[in-house]
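In this note's numbering, the protein residues as written are 17 to 529. Glycine included, every Cβ here is placed at the ideal spot set by N, Cα and C. Down below is the structure, laid out as structure tokens.
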Amino acid sequence: MQVARKITNVFRIPSKRARRKAINQVTDGADRLRAQANAIVEEISLARTAKKLKLHMSQRMIRVGWVVVLFFHVFNSVYSGMLAYLYYFMAKPKMAYYVQLLRMMPQQNYDVVIALYACIGAVNFYSALKMLIYSLHYRRLVFRKAINPEAENDRANEKALTGFRALKRFVSGFGRAISARGEWFDIVLVMREIVEITSQTVQAHSCSVLISSVWMNQVFCGLIFSNAMANTLVHHNIREKIGLRRLYSTAIDLALDFAWGFIIPCRIIFVYVTMYIKNKHNFPESFSYSDTMQIKAILECNQFFMVSWLDAATTTLPYLNMLSELVITENIRGFNNLMRLELYNSTVVNWPSSASLSLPYVPSLVTLFIIRSQLVGGIPEGLTTNLSPNIVDIEFVASDFDGQLPDDLADKWPSVEMLYIEHSGLREFPSVVSNMALTDLSLIDNNISVIPEDVQLSDSLMYVMLDRNPLKRIPDSFQWLEDLFFLTFQHTNVTSLPQWLHNAQTKALKLQL
């Protein structure tokens with residue numbers, strides 16, 4: 017009985033008076049929070065400029081400052097526009113291979129990146145245009161529209177504002193509070209410096225992993241140190257002159273951000289952009305077949321383009337050379353960060369399926385080069401069993417694999433976009449490639465004399481290289497390749513062009529005869 021009474025006391029329903037008291041307490045607490053929130057909003061909306069904010073500058077210094085600010089607005093607008101165009105160009109189908117090779121974010125995400133850079137460019141362009149228009153209007157150098165003190169006081173005295181006008185006043189007040197003339201400038205500066213130094217430290221670590229240049233890594237470290245110390249020294253040495261202190265802090269921050277956000281990234285990417293343009297919108301052969309150039313480009317472009325920092329990991333490049341009897345075992349799966357595998361001057365006698373290049377063992381592997389090598393018994397099982405979908409480029413150069421490709425190669429290599437079989441003695445056109453979703457097909461310097469008329473290649477093909485083959489004609493079926501951009505058949509036995517090729521020369525198709 018006593019137990020039952022205790023249980024009843026525990027689960028007793030509160031009285032009506034107790035419930036009313038609890039509700040009143042909750043309501044009073046909500047009212048206090050609402051009042052505090054309104055007070056904060058009101059304080060932000062009516063934010064004033066900081067006291068003692070005086071800075072005497074000569075007309076010459078004002079002109080210099082105005083020109084510098086205008087320059088950076090125009091420069092940021094142009095630079096952001098160029099980055100938006102760069103990502104627009106990288107989103108084109110013909111750049112899909114390079115996007116995957118460089119381990120950039122997927123092309124379907126580029127619309128967001130383009131919009132982001134376009135918005136940044138538009139904001140800077142608007143700011144520069146506003147400076148020019150108001151300077152012409154007032155016939156003197158100004159940065160914005162002059163503020164009417166009486167109108168400012170009227171806005172401060174307004175008590176009841178609702179809807180859009182209240183939101184506009186709040187945003188305007190918040191902008192004034194955190195601006196260089198605002199009361200909260202120093203607080204915002206400290207918070208921004210903490211965020212900047214944290215992100216820059218992460219980027220510097222990424223740079224140390226991805227970029228081999230010693231001086232560039234030293235520059236990264238120097239910028240972080242300068243960013244941490246410069247504003248600290250300014251605040252320590254200039255305490256009373258608030259205006260001068262804020263001017264120096266802003267100028268230092270602007271200079272460091274310019275070096276961090278433009279000079280270093282452009283130093284990285286300029287080499288590869290000029291190389292691509294000089295080689296008629298392509299990379300030279302030395303780029304792909306160099307032992308280090310391509311890997312260096314991949315790593316450095318990971319530092320420039322928008323890719324996850326989590327992808328910044330140590331990368332290795334196994335280079336197998338002059339092995340008379342090469343047996344590839346399961347140990348190859350231990351190279352988790354392997355990006356490119358190159359077999360040179362080797363005889364592969366055994367590459368079992370247990371050592372296949374599959375996921376999750378080689379998630380970073382993108383390209384496979386087999387050069388001046390022999391594959392005993394044809395293409396081994398290790399290359400045809402659960403091949404990683406990240407492998408998009410497979411190239412055989414001056415290699416012997418019995419001249420045969422498996423009939424089901426399209427099923428075994430579904431993600432391969434670039435297939436090069438060069439200087440390898442092929443006697444027949446490999447019809448199996450018609451079932452593969454290739455963008456690049458190179459059969460240079462083989463013994464192919466005939467391409468079947470009924471061959472139906474993938475519509476995704478953009479580059480077809482058939483040089484140095486005893487070909488006599490180009491099949492008419494090639495005319496249906498809608499995305500074909502580049503076709504070359506130099507040093508062949510082709511003596512006349514079909515009519516469709518004459519018509520294609522007026523389009524975007526590039527021929528090399």
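Less than 8 Å between the CB atoms is what I'm expecting for SER370 and GLU341, so what's the real figure, rounded?
As a first step, residue 370 must be located in the sequence shown, where it is residue number 354. As a first step, residue 341 must be located in the sequence shown, where it is residue number 325. Between GLU341 and SER370 the Cβ distance is about 18 Å, and since that is not below 8 Å, they are no contact.
Using CA atoms only, rank isn't needed, just tell me which of SER458, ASN295, VAL128, PHE91 is closest to ALA107.
Here residue 107 corresponds to residue number 91 of the sequence shown, with the count starting at 1. Comparing Cα positions, the closest option is VAL128.
Where DSSP assigns a beta bridge to TYR436, which residues make up the other side?
Here residue 436 is taken as the residue at index 420 of the sequence shown, counted from 1. GLU411, SER458.
Identify whether ASP470 lies in helix, strand or coil by the three-state DSSP scheme.
Here residue 470 refers to the residue found at position 454 of the sequence shown. ASP470 falls in the coil class under three-state DSSP.
Do GLY394 and PHE417 have their CB atoms nearer than 8 Å?
The sequence position of residue 394 within the sequence shown is 378, counting from 1. The sequence position of residue 417 within the sequence shown is 401, counting from 1. It is a contact, given that the beta carbons lie within the stated cut-off.
Helix, strand or coil for PHE385 per DSSP?
As a working mapping, residue 385 is identified with position 369 in the sequence shown. In this structure, PHE385 counts as strand in the three-state DSSP scheme.
Terminal residues of the continuous beta strand (DSSP E) containing SER362?
Position 346 of the sequence shown, counted from the first residue, corresponds to residue 362. Unbroken beta strand (DSSP E) run through SER362: 356 to 366.
Considering Cα atoms alone, identify which of VAL510, ARG484, ASP470, THR511 is closest to ASP492.
In the sequence shown, residue 492 corresponds to position 476, counting from 1. Comparing Cα positions, the closest option is ASP470.
Alpha carbon to alpha carbon, what distance is there between VAL211 and LEU152?
Position 136 of the sequence shown, counting from 1, holds the residue named residue 152. Position 195 of the sequence shown, counting from 1, holds the residue named residue 211. The alpha-carbon atoms of LEU152 and VAL211 are separated by roughly 38 Å.
With which residues is ASP416 paired in a DSSP beta bridge?
By one-based count along the sequence shown, residue 416 stands at place 400. The partner list for ASP416 (beta bridge, DSSP) reads GLN390.
Return the bridge partner residues of LEU145 from the DSSP annotation.
Along the sequence shown, one-based indexing puts residue 145 at 129. The partner list for LEU145 (beta bridge, DSSP) is empty, contrary to what the question assumes.
Starting from MET232 and walking both ways along the alpha helix (DSSP H), at which residues does that stretch end?
Start at 1 with the first residue of the sequence shown, and residue 232 comes out as number 216. From DSSP, the alpha helix (DSSP H) with MET232 extends over 230 to 253.
For ARG262, is the classification buried or exposed, using 16 other Cβ atoms within 10 angstroms of its Cβ as the cut-off for buried?
Position 246 of the sequence shown, counted from the first residue, corresponds to residue 262. Label assigned to ARG262: buried.
What residues are listed by DSSP as bridge partners for LEU342?
Mapped onto the sequence shown, residue 342 falls at position 326. Its beta-bridge partners are VAL364.
Taking only three categories from DSSP, how would you classify ALA267?
Residue numbering aside, residue 267 sits at position 251 when the sequence shown is read from its first letter. In the structure shown, ALA267 sits in a helix (DSSP, three-state: H, G or I).
May I ask you to report which of helix, strand or coil DSSP gives THR400?
Taking the first residue of the sequence shown as position 1, residue 400 is located at position 384. DSSP places THR400 in coil when its eight states are reduced to three.
Which residues mark the beginning and the end of the alpha helix (DSSP H) in which MET98 is found?
Here the question's residue 98 lines up with position 82 in the sequence shown. 75 to 106 is the extent of the alpha helix (DSSP H) around MET98.
Give me the residue from SER380, GLU411, ARG489 with the minimum Cα distance to LEU359.
Sequence index remark: in the sequence shown, residue 359 carries index 343 (1-based). Out of SER380, GLU411, ARG489, GLU411 has the C-alpha closest to the C-alpha of LEU359.
Spell out whether any CB of chain D is found under 8 Å from the CB atom of SER224.
In the displayed structure, chain D is absent; only one protein chain is listed.
Provide the residue span of the alpha helix (DSSP H) that contains ASP427, from first to last.
Counting from one through the sequence shown, the residue named residue 427 turns up at place 411. First-last of the alpha helix (DSSP H) with ASP427: 425 to 428.
Rounded to a whole number of angstroms, what is the C-alpha to C-alpha distance between ILE284 and VAL94?
Taking the sequence shown and counting its residues from 1, the one referred to as residue 284 is at position 268. Taking the sequence shown and counting its residues from 1, the one referred to as residue 94 is at position 78. Going by the C-alpha atoms only, they are around 19 Å apart.
Hey, how far is the Cα of ARG76 from the Cα of TYR288?
Here residue 76 refers to the residue found at position 60 of the sequence shown. Here residue 288 refers to the residue found at position 272 of the sequence shown. Whole-angstrom Cα-Cα distance: 41 Å.
With 16 other CB atoms within 10 Å as the buried threshold, where does PHE241 fall?
One-based indexing of the sequence shown puts residue 241 at position 225. Under this definition PHE241 is an exposed residue.
Any idea what DSSP makes of SER431, helix, strand or coil?
If you number the sequence shown from 1, residue 431 lands on position 415. Coil, per DSSP.
Going by CA-CA distance only, name the one from SER450, LEU482, THR455 that's closest to ILE464.
The count along the sequence shown starts at 1 and reaches residue 464 at position 448. Out of SER450, LEU482, THR455, LEU482 has the C-alpha closest to the C-alpha of ILE464.
Let me know the secondary structure DSSP gives LYS296 once reduced to three states.
Mapped onto the sequence shown, residue 296 falls at position 280. Coil.
Taking the C-alpha atoms as reference points, what is the distance between ASN352 and PRO109?
Here the question's residue 352 lines up with position 336 in the sequence shown. Here the question's residue 109 lines up with position 93 in the sequence shown. Near 29 Å, if we compare the C-alpha coordinates of PRO109 and ASN352.
To which residues of the same chain is VAL230 closer than 6 Å at the C-beta, ignoring the five residues directly before and after it?
Sequence index remark: in the sequence shown, residue 230 carries index 214 (1-based). Around VAL230: no qualifying Cβ.
Among residues of its own chain, excluding the 5 on either side of ASN531, which ones have a beta-carbon nearer than 6 Å to its beta-carbon?
There is no way to answer for residue 531, as the model of the chain reaches only from 17 to 529.
My output table needs one value for LYS488: the three-state DSSP class, helix, strand or coil.
Mapped onto the sequence shown, residue 488 falls at position 472. Three-state DSSP puts LYS488 in coil, outside helix and strand.
Could you check the C-alpha separation between PRO514 and ILE490 for me, to the nearest Å?
Reading the sequence shown from its first residue, position 498 is the one you call residue 514. Reading the sequence shown from its first residue, position 474 is the one you call residue 490. Approximately 7 Å between the Cα atoms of the pair.
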